[in-house]
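FYI, the numbering for the sequence shown is 1 to 485, going by the UniProt record's numbering.
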Amino acid sequence: MNDGRHETSKFTITGQKFNKKTCYQMESLIKKAGPCPKLGEYRIFYDIDPVFPIVCVVGLGLECAGYDEDEQMDKGKENIRIAAAVAAKVMLQFQLSKIYLEGLGHPESTAEGAALAVWVYQEFRNPKNRRLPLALELFDDNDWTGWQIGMQKAAAQNLARQLMEAPANRMTPIVFAQNSVEVLCKAGINVEVKVQNWCECLGMGAFLAVGKGSCESPLFMEISYYGAGNFKERPVVLVGKGVTYDSGGLMLNEPNDLIYGKGDMAGAACVVAACRAVAALQLPINIRGLIPLCENMPGCNAMKPGDIVMAMNGKSIYIQDTRCEGRLVLADALCYAQSFCPRFIVDVGSMTKGMKDGMSTAAVGVFTNSTRLWKQIRISGIHTGDRVWRMPLFNHYSSKVNRSSSVDIKNYGRKPNSADPCRAAAFLQEFVPCGEWLHIDNFGVSVSDGITDPPYLSKGMTGRPTRTLVEFLSQLCCRQDDATE
Numbered sequence: 001m002n003d004g005r006h007e008t009s010k011f012t013i014t015g016q017k018f019n020k021k022t023c024y025q026m027e028s029l030i031k032k033a034g035p036c037p038k039l040g041e042y043r044i045f046y047d048i049d050p051v052f053p054i055v056c057v058v059g060l061g062l063e064c065a066g067y068d069e070d071e072q073m074d075k076g077k078e079n080i081r082i083a084a085a086v087a088a089k090v091m092l093q094f095q096l097s098k099i100y101l102e103g104l105g106h107p108e109s110t111a112e113g114a115a116l117a118v119w120v121y122q123e124f125r126n127p128k129n130r131r132l133p134l135a136l137e138l139f140d141d142n143d144w145t146g147w148q149i150g151m152q153k154a155a156a157q158n159l160a161r162q163l164m165e166a167p168a169n170r171m172t173p174i175v176f177a178q179n180s181v182e183v184l185c186k187a188g189i190n191v192e193v194k195v196q197n198w199c200e201c202l203g204m205g206a207f208l209a210v211g212k213g214s215c216e217s218p219l220f221m222e223i224s225y226y227g228a229g230n231f232k233e234r235p236v237v238l239v240g241k242g243v244t245y246d247s248g249g250l251m252l253n254e255p256n257d258l259i260y261g262k263g264d265m266a267g268a269a270c271v272v273a274a275c276r277a278v279a280a281l282q283l284p285i286n287i288r289g290l291i292p293l294c295e296n297m298p299g300c301n302a303m304k305p306g307d308i309v310m311a312m313n314g315k316s317i318y319i320q321d322t323r324c325e326g327r328l329v330l331a332d333a334l335c336y337a338q339s340f341c342p343r344f345i346v347d348v349g350s351m352t353k354g355m356k357d358g359m360s361t362a363a364v365g366v367f368t369n370s371t372r373l374w375k376q377i378r379i380s381g382i383h384t385g386d387r388v389w390r391m392p393l394f395n396h397y398s399s400k401v402n403r404s405s406s407v408d409i410k411n412y413g414r415k416p417n418s419a420d421p422c423r424a425a426a427f428l429q430e431f432v433p434c435g436e437w438l439h440i441d442n443f444g445v446s447v448s449d450g451i452t453d454p455p456y457l458s459k460g461m462t463g464r465p466t467r468t469l470v471e472f473l474s475q476l477c478c479r480q481d482d483a484t485e
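Okay, structure coming up:
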């Protein structure tokens, strides 16, 4: 139901038809139940229709809701996601095998909200105790295309959540690679898994330094999707940080941080999930995904504070803090990305705790040297409800990472009031000498407490910002000026 500006409410078009089908019994019962449900509130009715024995009516918020400049979000679409999520969660208690949802004016958002809300991680539960699969169907709406797009985007985010939720002993670099190969090859995407010797031959000293402390060998995954119809068309390169467990190395993380160390491959999970969605949506674009996989552990061969390593581009790096391994892992991957003559590069990784301190789970931090890319991903975040916020790439931060007379770059450690997210981005920029580049730091949004986030995100790993990344790539395919690049 849509709320008016005051106390009046009305049904959606589908709601009006269904109310008439029940001989206006549904409207009468809602009035008897008290005030009309506001956004996220619901009413359950039984046996008012012979076909649908259980009916859930949910508040949709203001009918006039749309783009909100202050919130940087399309509130209309977000309200639909919230309403669909609430309805789907309510229906779960009845142990149904299928539920029907009306499109609520935007079937894509409805599908996203419902599919994200009903997802649950139960990989290691006894099969007897697992929740039965729940099918979602569109009711009384002809926009099947929009519905399917929403389902694919939600499925992508749920795939990222699945990878991130797996315990570290069940999601080592080799297991992550195996799972990715299984998922992506079924979608017609080519995947190559490079071993440690290959990385050594290319001189990936920064990446290999991180993996030295673990008994699990580092791997490098290369994903190739050719949707443009021309193999020679320059690809968009996606780089995902794939640290399958981050202990902090010799400078061990705090106990609370160790619990979520398994989710440090959030960037890699997002890239794998986005690639599968792009293939499912058959987007006319060439993509190359690069994922360096390793563990950051305090083993006997672990990198030490004060070590100096050589990156693939020949730059020397002084390691001050072994907990800041993400930028080392991505540095060599960004160097390797240059070999594909990309249209542009996007890297995703849970990089810095400072991002969560600054923005909590409200938005993803974005650093870029391209206003064009920023405008596009900002629009994508507005549509998906998974917002982004631009952070500065001032020379002020670059001068800090370059401030050394003995090495080319310093990998500074965490310090209070040090603008660590900005310094991390400035560090990475040293490995992107030319071309457009966009860095996404998703540390703050990787985990949900299940309270402050929308109802379609339950407690645990979120898979963000997968849908925004997919929307970003989708919109690029629609731009005429990009098609000729």
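For each residue, glycine too, the CB sits at the ideal point set by N, CA and C.
Model, not experiment: these values are computed from the prediction.
- Membership of GLU436 in the beta strand (DSSP E) is indicated by the continuous run 436 to 441.
- Within a 10 Å sphere around the beta-carbon of ARG403 sit fewer than 16 other beta-carbons, which makes this residue exposed.
- The C-alpha of LEU290 lies about 35 Å from the C-alpha of ILE80.
- Of the candidates LYS353, THR452, TYR456, VAL175, the residue whose Cα lies closest to the Cα of ASP441 is LYS353.
- Bounds of any alpha helix (DSSP H) do not take in ILE44; it lies within the beta strand (DSSP E) bounded by 42 to 46.
- Looking at the DSSP output, CYS56 bridges to ILE44.
- A direct Cα-to-Cα measurement between GLU436 and ARG372 gives close to 9 Å.
- Secondary structure of TYR121 (DSSP, three-state): coil.
- In the structure shown, the three-state DSSP call for ASN253 is coil.
- By the CB criterion at 9 Å, TYR121 and MET461 fall inside the cutoff.
- Counting along the chain, the unbroken beta strand (DSSP E) around ASP347 starts and ends at 344 to 349.
- Non-local beta-carbon contacts of LEU473 in its own chain, meaning distances under 8 Å to residues more than five positions away in sequence, involve VAL236, ALA274, VAL278, LEU283, ILE285, ILE287 in chain order.
- Only residues of its own chain outside the window of five on either side were considered, and among them ALA84, ALA88, LEU101, LEU136 have a CB closer than 6 Å to the CB of ALA114, listed in chain order.
- By DSSP's assignment, ILE319 forms a beta bridge with ASN411.
- Beta-bridge analysis with DSSP links ILE99 to LEU136.
- Taking all protein chains in view, the Cβ of ILE13 is surrounded by fewer than 16 other Cβ atoms within 10 Å, so the residue is classified as exposed.
- Residue range 219 to 226 is occupied by the beta strand (DSSP E) that includes TYR225.
- Look at the region 236 to 306 and you find these whole runs of beta strand (DSSP E), each 3 residues long or longer: 236 to 240, 242 to 246, 286 to 296.
- LYS17 carries a helical assignment under DSSP once its states are collapsed to helix, strand and coil.
- Nearest to PRO292 by C-alpha distance, out of ARG276, MET303, ALA266, is ALA266.
- A distance below 9 Å separates the beta carbons of ASP386 and ARG467.
- Only exposed fits ALA33, as fewer than 16 other CB atoms lie within 10 angstroms of its CB.
- A straight-line Cα-Cα distance of about 26 Å links CYS434 and MET355.
- Here the region 152 to 163 makes contact with the region 447 to 466; the two share three or more CB pairs at distances below 8 Å.
- Between the region 163 to 182 and the region 141 to 152 there are fewer than three inter-stretch CB-CB distances shorter than 8 Å, so the stretches are not counted as touching.
- Pairing SER370 with GLY444 gives a Cβ-Cβ distance that is not under 9 Å.
- By the C-beta density criterion, ASN253 is buried, having at least 16 other C-beta atoms within 10 angstroms.
- Assignment of beta-bridge partners to ARG390 by DSSP yields VAL366.
- When ILE317, MET310, ARG378 are compared, the shortest CA-CA separation from LEU476 is found for ARG378.
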